[in-house]
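Quick notes on the structure that follows.
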Amino acid sequence: EPEVTQTPSHQVTQMGQEVILRCVPISNHLYFYWYRQILGQKVEFLVSFYNNEISEKSEIFDDQFSVERPDGSNFTLKIRSTKLEDSAMYFCASKDRLANEKLFFGSGTQLSVL
Amino acid sequence: AQSVTQLDSQVPVFEEAPVELRCNYSSSVSVYLFWYVQYPNQGLQLLLKYLSGSTLVKGINGFEAEFNKSQTSFHLRKPSVHISDTAEYFCAVKGDTGRRALTFGSGTRLQVQP
Chain Z
1 EPEVTQTPSH QVTQMGQEVI LRCVPISNHL YFYWYRQILG QKVEFLVSFY
51 NNEISEKSEI FDDQFSVERP DGSNFTLKIR STKLEDSAMY FCASKDRLAN
101 EKLFFGSGTQ LSVL
Chain F
1 AQSVTQLDSQ VPVFEEAPVE LRCNYSSSVS VYLFWYVQYP NQGLQLLLKY
51 LSGSTLVKGI NGFEAEFNKS QTSFHLRKPS VHISDTAEYF CAVKGDTGRR
101 ALTFGSGTRL QVQP
C-alpha cells in the first residue's frame, strides 16, 4: 500500500530556532493535513491544505506556523521560532478526495525543543 | 464542537482473550466515528469507520465497533487478541457538517501478553 513519508523521524532544536518538518504525501492525493501529539495528550489537528491554500486551521496554528507545498510532491510545516511547548510528535496525513473519509498518516516526526 | 474521551489509557490483556476499548464522544451535530491504530514506529492506520447505516461495523484484523447513539459510544472489540495487536488505538470523531478535521481521543495502549 502507498505510504505517506515524513522526514526526519527525530528533530532536536534550540528554543527560538526555525524548524521545517517535511512530508511526502501519497502521489495522487489532494488533501493534506498536519496533526500533532504532545506526549501523553490527544492527537490535535493543526491545519488542512487543499489547492495550494489552507482550508482549515486550529487555534494552535498561529502566526509561528506555516505550511507550504513547494513542489508537486512535498508538503512542509514550518515553525518560525520554536518554543518548549512545541515539543511533540507531528503527523502528516493525506487523502485523495474530500468525500473519502480514510486518511493516510505518516509515521511522524518527533520534535524536541530544548 | 466535538470531543472524544477514551477512559482507559492502558489495557493489558492475555493473548486469545477478548478485549473492549472504550470510546465516548460528544457532539452537537451528527458525527462520523473512527478507530485508528498505531503500531510501534508507524503512522496511524484506519481500523474501521462508522458513517451511516448498520451500527455494527467491522474493520481490519478482526476488530469491530458498535455505534450507540443513546450512549454516545463507539467501543472497539475483538473476541480474541493476538500478540501482534499490541499497539496504540485512537478513537476519532468528525462532524458531518462544517469543520472537516478529525478530533481524536488521547489513545489507549493495548498490551497483549502471552
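Chains Z and F are the protein sequences, given in the same order. Residue numbering for the first sequence follows this note's numbering, beginning at 1 and increasing consecutively. Residue numbering for the second sequence follows this note's numbering, beginning at 1 and increasing consecutively. Where a beta carbon is used, it is the ideal one built from N, C-alpha and C, also for glycine. Computed from a predicted model, the values in this text were never measured in an experiment.
In the three-state DSSP reduction, I83 (chain F) falls in the helix class (H, G or I). D96 (chain Z) and L103 (chain Z) have their C-alpha atoms some 9 Å from each other. The three-state secondary structure of G62 (chain F), taken from DSSP, is helix. Remark: C-beta atoms of S3 (chain F) and Y36 (chain F) do not approach each other more closely than 9 Å. Among the CB atoms of chain Z, none fall inside 9 Å of the CB of L110 (chain F). In this structure, G72 (chain Z) sits away from C92 (chain Z), with a CB-CB distance that is not shorter than 9 Å. Between L114 (chain Z) and Q14 (chain Z), the CB-CB gap stays under 9 Å. By the 16-neighbour rule on beta-carbons within 10 angstroms, V29 (chain F) is exposed. Around S107 (chain Z), the beta-carbon contacts reaching into chain F at under 8 Å are N41, Q42 and G43. Pairing F32 (chain Z) with R69 (chain Z) gives a Cβ-Cβ distance under 9 Å. In this structure, the straight-line span from the alpha carbon of F14 (chain F) to that of S84 (chain F) is close to 12 Å. Taking K69 (chain F) as reference, the option from F:L56, F:Q111 and F:L48 with the minimal CA-CA separation is F:L56.
Note: L77 (chain Z) is bridge-paired with Z:L21 and Z:V67 in the DSSP secondary-structure output. Per DSSP, reduced to three states, the secondary structure at L103 (chain Z) is coil, with no helix or strand assignment.
With respect to the 9 Å criterion, S9 (chain Z) and T109 (chain Z) are classified as neighbours on the basis of their beta carbons.
The way I'd put it, the region 37 to 47 of chain F does touch the region 87 to 101 of chain F; three or more beta-carbon pairs between them come closer than 8 Å.
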